[in-house]
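Be aware that the sequence shown starts at 519, since it is given in our numbering, and climbs by one per residue. C-beta: ideal position from N, C-alpha, C; glycine also. Below is one structure, written out as structure tokens; comments come after it.
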Amino acid sequence: MQFGVPELEDLPDVSGKSVLVRVDFNVPIKDGVIADDLRIRAALPTLNWLLEHGAKVTCCTHLGRPKGAPDPQFSVAPVRARLAELIEGVELLENLRFNPGETSNDPAFVQELIAGHDVYVNDAFGASHRSHASVVGPPAFLPSAAGRLLAREVEVLQGACADPARPFVAITGGSKVSDKLGVINALLELADQIIIGGGMCFTFFAAMGHSVGNSLCETDQIDTCKALLETHGDRLVLPTDIVALGPGGKLFDAAAGGEVQNVGRS
519 MQFGVPELED LPDVSGKSVL VRVDFNVPIK DGVIADDLRI RAALPTLNWL
569 LEHGAKVTCC THLGRPKGAP DPQFSVAPVR ARLAELIEGV ELLENLRFNP
619 GETSNDPAFV QELIAGHDVY VNDAFGASHR SHASVVGPPA FLPSAAGRLL
669 AREVEVLQGA CADPARPFVA ITGGSKVSDK LGVINALLEL ADQIIIGGGM
719 CFTFFAAMGH SVGNSLCETD QIDTCKALLE THGDRLVLPT DIVALGPGGK
769 LFDAAAGGEV QNVGRS
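The structure is reproduced here in structure tokens:
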């Protein structure tokens with residue numbers, strides 16, 4: 519156990535036990551083909567350890583943002599196929615977010631998830647900040663531990679928070695400011711500067727008075743971003759240029775209604 523977080527070795531004997539593993543297999547998929555399987559491969563140390571210790575392993579993950587109902591474009595079928603190529607003997611449940619109980623942390627869905635399982639392992643660092651059924655529900659009912667990936671991420675974060683090297687620059691991303699406010703505020707207590715990337719930078723741009731065209735912008739967070747910029751503007755680093763696309767995928771002026779795709783070369 520490190521930093522108060524139980525690890526695999528802290529679990530009771532898992533031989534012959536059914537283990538539910540929350541993983542983050544939210545990988546990019548286009549036309550049914552996985553563009554990058556890094557997140558799947560990152561879970562292998564945990565899955566191998568469980569199999570080597572005689573456990574029956576079932577994984578569960580979200581994929582994309584389906585609206586609480588089955589949607590073929592968000593099926594984990596391609597992920598299941600790739601997982602089977604990388605490791606034998608591991609099951610993968612269908613997309614957790616096909617059930618609205620996942621994002622609402624419905625107690626009934628928690629019971630559905632843990633039914634038939636004896637142990638729970640969380641190896642989904644990228645989803646662990648969410649109060650979703652598969653993240654916060656099972657530990658209340660099953661012996662639980664962090665997988666190898668989650669334990670490593672916690673170790674790195676603890677080191678960075680306890681005694682960071684200076685200057686300490688944090689890089690944040692993601693599509694929504696609302697999802698990252700807690701992280702940004704926590705980092706402001708530690709970091710010398712925070713680089714704001716991903717889709718959430720456009721809400722900051724809007725707060726600065728810039729047009730962002732059709733790009734993702736959380737209008738209800740503009741005032742929050744304004745307050746952050748007024749208080750910590752000298753420590754928040756935003757992109758200096760962007761890449762925008764118009765109809766037909768051509769470079770386009772975002773101010774005229776284009777959709778910003780990414781930060782630019784600068």
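Return the CA-CA distance between residue i and residue j, expressed in angstroms with no decimal places.
i           : j           : result
residue 654 : residue 544 : 18 Å
residue 574 : residue 665 : 15 Å
residue 678 : residue 529 : 27 Å
residue 559 : residue 669 : 16 Å
residue 696 : residue 753 : 19 Å
residue 734 : residue 586 : 21 Å
residue 661 : residue 594 : 27 Å
residue 769 : residue 702 : Confidence at residue 769 is low in this model, with a pLDDT of 45, below 50, so its placement is unreliable and the value that follows should be read with caution. C-alpha separation (whole angstroms): 31 Å.
residue 706 : residue 536 : 42 Å
residue 641 : residue 561 : 7 Å
residue 759 : residue 708 : 27 Å
residue 727 : residue 711 : 22 Å
residue 629 : residue 616 : 16 Å
residue 747 : residue 603 : 47 Å
residue 605 : residue 738 : 44 Å
residue 743 : residue 685 : 24 Å
residue 680 : residue 689 : 18 Å
residue 700 : residue 663 : 24 Å
residue 694 : residue 745 : 17 Å
residue 621 : residue 566 : 29 Å
residue 751 : residue 598 : 44 Å
Residue i lies in the alpha helix (DSSP H); which residues open and close that run?
i           : result
residue 676 : 666 to 680
residue 629 : 625 to 632
residue 566 : 562 to 570
residue 605 : It is not in any alpha helix (DSSP H) - residue 605 carries neither H nor E in the DSSP assignment.
residue 654 : 651 to 654
residue 743 : 740 to 750
residue 721 : 719 to 725
residue 621 : 618 to 621
Within its chain, find whatever has a CB closer than 6 Å to the CB of residue i; leave out the 5 residues flanking it on each side and keep chain order.
i           : result
residue 596 : 547, 550, 552
residue 557 : 542, 543, 545
residue 723 : 730
residue 659 : 632
residue 784 : Note that residue 784 scores a pLDDT of 48, beneath 50, so its modelled location is shaky and nothing firm can be said.
residue 771 : Note on residue 771: pLDDT 45, under 50, position unreliable in the model; the coordinate value appears next. Within the same chain, residue 771 has no close Cβ partners at all.
To the nearest whole angstrom, what separates the beta carbons of residue i and residue j, a pair I think is in contact under 8 Å?
i           : j           : result
residue 667 : residue 564 : 7 Å
residue 721 : residue 736 : 5 Å
residue 631 : residue 578 : 7 Å
residue 639 : residue 539 : 5 Å
residue 523 : residue 571 : With 8 Å as the limit, residue 523 and residue 571 do not qualify as a contact, their Cβ atoms being about 19 Å apart.
residue 613 : residue 581 : 5 Å
residue 714 : residue 725 : 11 Å between Cβ atoms; not a contact.
residue 600 : residue 555 : 6 Å
Between which two residues does the beta strand (DSSP E) containing residue i stretch?
i           : result
residue 540 : 536 to 540
residue 701 : From DSSP, residue 701 is part of no beta strand (DSSP E) but of the alpha helix (DSSP H) over 695 to 706.
residue 688 : 687 to 690
residue 591 : It is not in any beta strand (DSSP E) - residue 591 carries neither H nor E in the DSSP assignment.
residue 578 : 574 to 578
residue 613 : Neither: residue 613 is in no beta strand (DSSP E) and is coded neither H nor E.
residue 639 : 637 to 640
Quick one: what's got a C-beta closer than 7 Å to residue i's C-beta in the same chain, skipping five residues either side?
i           : result
residue 623 : 649, 650, 651, 654, 655
residue 534 : 572
residue 704 : none
residue 626 : 619
residue 682 : 708
residue 671 : 643
Only counting the same chain, and skipping five residues up and downstream in sequence, which positions put a Cβ closer than 8 Å to that of residue i?
i           : result
residue 692 : 698, 716, 717, 718
residue 657 : 638, 640
residue 576 : 536, 537, 538, 539, 608, 609, 610, 611, 635
- Counting pairs of beta carbons, one from the stretch 581 to 591 and one from the stretch 632 to 652, are three or more of them closer than 8 Å? They do not touch, by the three-pair rule.
- Message: Below 8 Å, how does it come out for the stretch 643 to 654 and the stretch 599 to 609: are there three or more Cβ pairs, yes or no?
- Response: No: the two stretches stay apart, fewer than three of their Cβ pairs being nearer than 8 Å.
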